[in-house]
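Residue numbers (our numbering): 2 to 149.
Backbone N, C-alpha and C fix where the C-beta goes; we use that ideal spot for every residue, glycine too.
To start, the structure itself, in structure tokens.
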Amino acid sequence: MTNGGSGTAPLESVAWVCVRDGRLLAVRTRGRDAFYLPGGKLEPGEDGPRALARELAEELGLIAVPATTAGPAMPAMSEVYVIEDEAHGQGGRRLRMTCYTGEAQGEPTPGREIAELAWLTAQEADRCAPALRQVLRRLVAEGRVRHR
């Protein structure tokens, strides 16, 4: 897959969709102006759920369980969306973000690369990267995230 004829493959990433009380968890990394979903890029040899478990531990101090080690006490993350959009701050490069939902152990606490975390409603979409805005629209349409 290429990026609109430029020959550059889209950035592949994973993200966690966590909704509480009608708000979506988002993070802003240091040096960035927009909010993103918690997650990040896959490292060589990782599948999506393992990459997400690693990213959630690094970014938020959470323990998530990949499908290969899930059990009754801790269900696995499950894929909910694949979002394709512009990668914010990447000079027009495209992004392909696989979104997962599921439980994680612990309370989200910003790690060293996270400047801020927030629980957002649709009204705050202007603070978000393009792919996160798409996720917010879907969650509002599903009745999971509030407008305000």
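Range of the contiguous beta strand (DSSP E) that encloses residue i
i    : result
E13  : L12 to W17
R147 : Note, R147: premise wrong, no beta strand (DSSP E); not H, not E.
E80  : S79 to E87
G40  : G40 to K42
Own chain, CB closer than 7 Å to residue i, minus 5 neighbours either side, in chain order
i    : result
W17  : L38, P39, G40, L53, L57 and Y101
M2   : Because M2 carries a pLDDT of 44, less than 50, the predicted location of this residue cannot be relied on, and the following value inherits that uncertainty. If we look at M2 and ignore the five residues flanking it on each side, its Cβ neighbours are A10 and P11.
Q135 : I84 and D86
Residues near residue i by beta carbon distance below 6 Å, same chain, minus five either side
i    : result
A132 : I84, D86, L96 and M98
R149 : T122 and Q124
E117 : R29
Q106 : I64
C-alpha gap between residue i and residue j, whole angstroms
i    : j    : result
I115 : A65  : 18 Å
P111 : E60  : 6 Å
G103 : R21  : 12 Å
R94  : E13  : 11 Å
G92  : E80  : 28 Å
L140 : A35  : 19 Å
L25  : R145 : 9 Å
K42  : G49  : 9 Å
Cut-off 8 Å between Cβ atoms - residues of its own chain near residue i, not counting five sequence neighbours on either side
i    : result
E47  : R55
G199 : The structure shown does not extend to residue 199, since the chain is modelled only from 2 to 149, so the question has no answer here.
Any non-hydrogen atom of the ligand SAH closer than 7 Å to residue i Cβ
i    : result
Q106 : The model on display carries no ligand, and the ligand SAH is accordingly not part of it.
Segment limits, alpha helix (DSSP H) that includes residue i
i    : result
V136 : P131 to A142
L53  : G49 to L61
Bridge-paired residues (DSSP) for residue i
i    : result
Q106 : I64
L121 : L25
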